[in-house]
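Novice: First the structure, then my questions, so here it is.
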Amino acid sequence: MIPDGITIRELEFADFDNGLFDCLSALSPSPALQEFDRTLACSWRRDAGVRTLVAVTSAGRVIGTASYFWETKFTRNLCLVGHVEDVSVDHGQQGKGVGLALVGEAIRRLRGLPRCRKVILSCSQANVPFYAKLGFQPHEVSMRLDLAAPSHSQEADRAASSRLVQEEGGPGDVRGDPGEPGDDGGWPNSGEEHVP
């Protein structure tokens, strides 16, 4: 159930200046990105199939966010497995049902995909009771390998990315939705395009 006065929708470019980074800071340090980096990140995420939901107030302020994507497996008749990531709610809005509404919407959208068999996520032990409210249960073990930070500079990264964007004909529509291979590019029951 969505809390009163809150709307759950796809990320829009204006959300970057309306609280998205403040909201993400509840999860991890999240300094604001410059416009080029925002466009680049949206393009990379879109190309990888990542979709981002936001919870916004009636004034348009972002107070929560969650991302999701799916992968096609080689097993079980090419079933899909959904993933939920980066669930974050502004510190002042926690405990009001915003996170439950965001994750619930991600699950609803993943459930609407043909062949989506399950949804998985990783969380801290402290957050297990939160996700259990939505039907998640502990299963197996999540593991992680931290990789060393790249030795090149952000400026070199931006220059290389800028060349790639120019070679491919520009950044494109950051609101595009590649959809699932073989479909019409949109979400089930939705003709809208959004930032992934």
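With this note's numbering as the guide, the letters of the sequence shown map in order to residues 19 to 214.
Note that beta-carbon positions come from the ideal geometry of N, C-alpha and C, so glycine has one too.
All values reported here derive from a predicted model rather than from experimental measurement.
#1: With a threshold of 8 Å between beta carbons, is V102 in contact with chain D?
#2: Hey, could you find the ends of the alpha helix (DSSP H) D40 is sitting in?
#3: Does DSSP put I125 in a helix, in a strand, or in coil?
#4: So, helix, strand or coil for D104, using DSSP?
#5: Identify whether S48 lies in helix, strand or coil by the three-state DSSP scheme.
#6: If you follow the alpha helix (DSSP H) that R94 is in, where does it begin and where does it stop?
#7: Given that a residue counts as buried once 16 or more other Cβ atoms are within 10 Å of its Cβ, and exposed if not, what is G37?
#8: From A73 to N145, what does the alpha carbon distance come to, in whole angstroms?
#9: Do you know how far the Cα of E53 is from the Cα of L139?
#10: Contact check, G6 vs L131 under 8 Å by CB: the rounded distance?
#11: For R27 and F34, I'd like the C-alpha separation in whole angstroms.
#12: Note down the Cα distance separating W88 from H157, rounded to an integer number of angstroms.
#13: Taking the Cβ atom as the reference point for each residue, do R135 and V99 lie within a distance shorter than 8 Å?
#14: Does DSSP put V74 in a helix, a strand or coil?
#15: Alpha carbon to alpha carbon, how far is V68 from V102?
#16: Among residues of its own chain, excluding the 5 on either side of N95, which ones have a beta-carbon nearer than 8 Å to its beta-carbon?
#17: By the 10 Å Cβ neighbour count, where 16 or more other Cβ atoms means buried, how is T90 classified, buried or exposed?
#18: Does the stretch 105–124 touch the stretch 158–166, meaning 3 or more C-beta pairs lie closer than 8 Å?
Specialist: Reading from the atomic positions:
#1: Judged by its chain identifiers, the structure shown contains no chain D, having just a single protein chain.
#2: L38 to L42
#3: helix
#4: Residue state for D104 is assigned as strand, using DSSP reduced to three classes.
#5: Annotated three-state conformation of S48 is coil, per DSSP.
#6: Looking at the DSSP string, R94 is not in any alpha helix (DSSP H), and its letter there is neither H nor E.
#7: By the neighbour-count rule (16 or more Cβ atoms within 10 Å), G37 is buried.
#8: 19 Å
#9: 30 Å
#10: Given that the chain is displayed from residue 19 to residue 214, the structure contains no residue 6 and the question cannot be resolved.
#11: 14 Å
#12: 18 Å
#13: Yes. Within cutoff.
#14: strand
#15: Taking the straight line from one Cα to the other gives about 10 Å.
#16: Taken in chain order, the residues that qualify are R133.
#17: T90 counts as exposed, since fewer than 16 other beta carbons sit within 10 angstroms of its beta carbon.
#18: no
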